[in-house]
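Have a look at the structure below before the remarks.
Residue numbers (this note's numbering), protein chains in the order written: chain P, 4 to 267; chain R, 195 to 411.
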């Protein structure tokens, strides 16, 4: 059937056709934009999940290391002190009052030292303490402990202190703590200098000692690739929070560990 | 002929609704099934002259049908969208449309097809559809929008209501109203609109039944 269409009828056909074309084009471009947006969101989600995975891995690593530190501290320090105290108590001779008094005092001092060591250990490992004190104060406390162990320590803070996210501060603190522990274990150093420089774009933290230097080749230092698991962990953790880890060491002239942490 | 195409599509959409009824997720979509049944009944009664034979004016039924359409789609969209901002927008659109519908019906009546009332209904339906488009565009979640029933339903209602809107407004032109062939033209265009609309509804039902499998529930 052929219809005789009036002008108004053509107007309707024309406008409907125009609408259909425009709508189809709209749906087509809308779909493309949505697909692009989805792809971008998917990418973002992947990056976020990778970051969370890395964060979790680091937390587990830190936990493992914390347990190791506790075990070492109990075995090497608190355990020894308490064993010695027990020895003193076992050899008490009640017939000789003078020696008895002396040994009791010594045992008491040893037990007090063990208690103090336990307190220090607990304070140094407690993540809540670090979060509530803030990075600089936590570093100060850590250095006080080193001072008690006979090291000469100093902490210099430049610029105005800016608080980072608690999770980042904890990871930074653990990296510094590990480099301090390395000094005790391997460096045979006398002096430890920590510098925290708060700049406009980020924080630069460095730990320097005057020990015998780390057994790391110049090439490893340049490439930031380390054979030591501890150094590798420190480097990986720093990378995870977007920081740059640098180690400079010279035989018999000491080691300097630097962390460059951007604020964003 | 064009009536049979539209009517067949309506029946197919109703059949799809009944087939997928139990598997439909979210359940709010089930509201469309009785609505499609009412659509088929009204269209069938009107075409086969049952209203006329009973001495009833079909336009009153159509007016009721369009009001029901406003309500049903508002419920479906509100139940399926979980963003407060959009729900507020839909509530606002629905309230304004309802008010304007009552107003236009009371002023111009429902004895004949009321173009002012139909404009309100079409604009309201188009707003529902575009609100959903805007929602998924602004969403920060990854959305497989082509598998979402509301995407297809929105596409269908925008498409068909825009064609209706064009028709309703062209009826304001005197020469259009005088020519009987123009009604035929509209019927053909309306069939094309219905083809897209009911296809989208059927595909929306299919997507809604697959939604459960995708979600792993």
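Ideal Cβ placement from N, Cα and C applies to all residues, glycine included. Quick caveat: nothing in here was measured; it's all calculated off a predicted structure.
So what's residue i in DSSP terms, helix, strand or just coil?
i	result
residue 265 of chain P	strand
residue 193 of chain P	coil
residue 19 of chain P	helix
residue 97 of chain P	coil
residue 162 of chain P	coil
residue 219 of chain P	coil
residue 68 of chain P	helix
residue 306 of chain R	coil
residue 200 of chain P	strand
residue 248 of chain R	coil
residue 365 of chain R	coil
residue 335 of chain R	coil
residue 182 of chain P	helix
residue 248 of chain P	strand
residue 152 of chain P	coil
residue 10 of chain P	helix
residue 205 of chain P	strand
residue 120 of chain P	helix
residue 409 of chain R	Residue confidence is low: residue 409 of chain R scores 41 on pLDDT, short of 50, so the model does not pin down where it sits. No coordinate-derived value is stated.
residue 255 of chain P	coil
Given a cut-off of 7 Å, decide if residue j and residue i are closer than it, judged by their beta-carbon atoms.
i	j	result
residue 169 of chain P	residue 199 of chain P	no
residue 192 of chain P	residue 214 of chain P	yes
residue 64 of chain P	residue 91 of chain P	no
residue 126 of chain P	residue 132 of chain P	yes
residue 210 of chain P	residue 182 of chain P	yes
residue 266 of chain R	residue 225 of chain R	yes
residue 214 of chain R	residue 403 of chain R	yes
residue 284 of chain R	residue 272 of chain R	yes
residue 264 of chain R	residue 318 of chain R	yes
residue 367 of chain R	residue 42 of chain P	no
residue 270 of chain P	residue 357 of chain R	Since the first and last residues shown for chain P are 4 and 267, residue 270 of chain P lies out of range.
residue 222 of chain R	residue 301 of chain R	no
residue 392 of chain R	residue 207 of chain R	yes
residue 365 of chain R	residue 309 of chain R	yes
residue 187 of chain P	residue 212 of chain P	no
residue 123 of chain P	residue 80 of chain P	no
residue 141 of chain R	residue 397 of chain R	Lying outside 195 to 411, the shown extent of chain R, residue 141 of chain R is not represented and no answer is given.
Quick one: using the 10 Å Cβ neighbour count with 16 as the cut-off for buried, is residue i buried or exposed?
i	result
residue 210 of chain R	buried
residue 100 of chain P	exposed
residue 268 of chain R	buried
residue 297 of chain R	exposed
residue 159 of chain P	exposed
residue 180 of chain P	buried
residue 411 of chain R	In this prediction, residue 411 of chain R scores a pLDDT of 32, lower than 50, which makes its location untrustworthy; the coordinate-derived value is nonetheless stated afterwards. Answer is exposed; the Cβ neighbour count stays below 16.
residue 216 of chain P	buried
residue 237 of chain P	buried
residue 156 of chain P	buried
residue 36 of chain P	exposed
residue 409 of chain R	Caution is warranted here: a pLDDT of 41 is assigned to residue 409 of chain R, below 50, making its placement in the model unreliable, and no coordinate value can be reported.
residue 219 of chain R	buried
residue 32 of chain P	exposed
residue 278 of chain P	Residue numbering for chain P in the displayed model covers 4 to 267; residue 278 of chain P lies beyond these limits and cannot be assessed.
residue 246 of chain P	buried
residue 247 of chain R	exposed
residue 34 of chain P	exposed
residue 204 of chain R	buried
residue 399 of chain R	buried
residue 406 of chain R	At residue 406 of chain R the pLDDT is 47, less than 50, meaning the model places this residue with poor confidence and gives no usable figure here.
residue 295 of chain R	buried
residue 195 of chain R	exposed
Apart from the five residues just before and just after residue i, which ones in its own chain have a Cβ nearer than 8 Å to its Cβ?
i	result
residue 259 of chain R	232, 233, 236
residue 128 of chain P	69, 72, 73
residue 241 of chain R	197, 201
residue 265 of chain P	204, 205, 245, 246
In chain order, what residues of the same chain have a beta carbon less than 7 Å from the beta carbon of residue i, not counting five sequence neighbours either side?
i	result
residue 87 of chain P	113
residue 380 of chain R	361
residue 171 of chain P	244
residue 305 of chain R	251, 253
residue 116 of chain P	84
Between which residues of its own chain and residue i is the CB-CB distance below 6 Å, once the five residues before and five after are set aside?
i	result
residue 261 of chain P	209, 249
residue 313 of chain R	362
residue 245 of chain R	239, 252
residue 154 of chain P	195
Are at least three pairs of beta-carbons, each pair with one atom in the segment 331 to 349 of chain R and one in the segment 250 to 263 of chain R, less than 8 Å apart?
-> no
Pair every Cβ in the segment 314 to 333 of chain R with every Cβ in the segment 351 to 358 of chain R, then say whether three or more of these pairs are closer than 8 Å.
-> yes
Looking at C-beta atoms only, is the number of pairs between the segment 66 to 78 of chain P and the segment 248 to 260 of chain P that lie closer than 8 Å three or more?
-> no
Quick one: any contact between the segment 196 to 212 of chain P and the segment 136 to 148 of chain P, if contact means 3 or more CB pairs under 8 Å?
-> yes
Counting pairs of beta carbons, one from the segment 340 to 347 of chain R and one from the segment 355 to 375 of chain R, are three or more of them closer than 8 Å?
-> Using a Cβ-Cβ distance cut-off of 8 Å, the segment 340 to 347 of chain R and the segment 355 to 375 of chain R are not in contact, since fewer than three pairs of beta carbons, one from each stretch, lie closer than that value.
Can at least three beta-carbon pairs, one atom from the segment 169 to 187 of chain P and one from the segment 230 to 244 of chain P, be found at a separation below 8 Å?
-> yes
How about the segment 198 to 212 of chain P and the segment 17 to 36 of chain P: do they share at least three Cβ pairs that are nearer than 8 Å?
-> no
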